[in-house]
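**Q**
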């Protein structure tokens with residue numbers, strides 16, 4: 016996390032005041048959340064995060080479930096589309112001598128801490144749930160009409176072959192080809 020960024024306070028869970036057992040937190044994630052992380056690859060965001068939070072005597076167990084959509088631009092056509100998101104993540108919070116988040120699913124916080132901030136985990140959960148290549152669903156089913164797609168089709172090996180067939184071959188090439196085959 017950027018050193019100058021203050022943690023988002025509404026994502027602090029003060030577990031000291033919670034009874035042992037299961038608790039539930041809901042978060043509605045939108046563009047403002049990602050602006051805080053200076054992440055601007057989403058045009059629009061509408062994601063609900065359900066956080067199951069279990070307080071045990073020696074540790075905390077967190078189960079994040081995120082579902083909804085982000086509007087992103089297609090890597091091929093740059094056309095915006097809605098990418099569905101459905102993902103989950105488990106985190107165990109333990110207590111130790113010093114803060115340590117090197118292990119991705121275990122967070123160690125110092126003894127005496129009374130709250131945990133879950134914003135960074137929600138951010139990573141959503142960003143990492145996106146496919147590596149963002150492809151508009153209209154490409155696969157043929158419903159997306161785009162100038163870029165038409166150009167890509169023309170430039171594809173199949174498109175170039177068809178172009179060559181339709182263009183009249185200069186007769187001088189035929190003479191050259193004849194020289195090559197008459198060896």
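Numbering (the numbering used here), first residue to last: 16 to 198.
For glycine and all other residues, C-beta sits at the position ideal for the given N, C-alpha and C.
Once DSSP output is grouped into helix, strand and coil, what is the label at residue 15?
**A** The structure shown does not extend to residue 15, since the chain is modelled only from 16 through 198, so no value can be given for it.
**Q** Can you tell me where the alpha helix (DSSP H) holding residue 51 begins and where it ends?
**A** Looking at the DSSP string, the run of the alpha helix (DSSP H) that includes residue 51 is 46-51.
**Q** Is the beta carbon of residue 113 closer than 7 Å to that of residue 125?
**A** Yes, they are a contact pair.
**Q** I need the DSSP call for residue 140, collapsed to helix, strand or coil.
**A** Residue state, collapsed to three classes: helix.
**Q** Could you check whether the Cβ of residue 23 sits closer than 6 Å to any heavy atom belonging to the ligand GTP?
**A** Among the ligands in the structure shown, none appear at all, so the ligand GTP cannot be discussed.
**Q** Return the residue from the list 90, 156 and 60 that minimises the CA-CA distance to residue 138.
**A** Here the closest residue by C-alpha is 60.
**Q** Considering only their Cβ atoms, is the gap separating residue 30 from residue 77 smaller than 7 Å?
**A** Result no, Cβ atoms of residue 77 and residue 30 do not sit closer than 7 Å.
**Q** Can you name the residues that DSSP bridges to residue 122?
**A** Paired residue(s): 108.
**Q** Does the separation of the CB atoms of residue 107 and residue 121 fall below 7 Å?
**A** Yes; because the gap between Cβ atoms is below 7 Å, this pair is in contact.
**Q** Express the C-alpha separation of residue 150 and residue 156 in angstroms, rounding to a whole number.
**A** The alpha-carbon atoms of residue 156 and residue 150 are separated by roughly 11 Å.
**Q** Does DSSP put residue 30 in a helix, a strand or coil?
**A** The answer is helix: DSSP assigns residue 30 an H, G or I state.
**Q** Could you give the distance in angstroms between the alpha-carbon of residue 195 and the alpha-carbon of residue 187?
**A** Near 13 Å, if we compare the C-alpha coordinates of residue 187 and residue 195.
**Q** Evaluate residue 96 with the Cβ neighbour count: other Cβ atoms within 10 Å of its Cβ, from every protein chain shown; 16 or more gives buried, anything less gives exposed.
**A** Looking at its Cβ environment, which holds 16 or more other Cβ atoms inside 10 Å, residue 96 is buried.
**Q** When DSSP labels each residue in this structure, what does residue 6 get in the three-state scheme?
**A** The question about residue 6 has no answer, for the chain in this structure spans 16 to 198.
**Q** Can you check which of these residues, 72, 81 and 55, is closest to residue 101 by C-alpha distance?
**A** Answer by Cα proximity: 81.
**Q** Which stretch, first to last residue, makes up the alpha helix (DSSP H) that contains residue 155?
**A** Where residue 155 is concerned, the enclosing alpha helix (DSSP H) stretches over 152-156.
**Q** Would you mind working out which of 153, 33 and 189 sits nearest residue 70, comparing C-alpha positions?
**A** Closest by alpha carbon: 33.
**Q** Taking Cβ to Cβ, would you say residue 54 is nearer than 7 Å to residue 134?
**A** Contact: no.
**Q** Taking Cβ positions, are residue 79 and residue 104 nearer each other than 7 Å?
**A** Cβ atoms of residue 79 and residue 104: closer than 7 Å.
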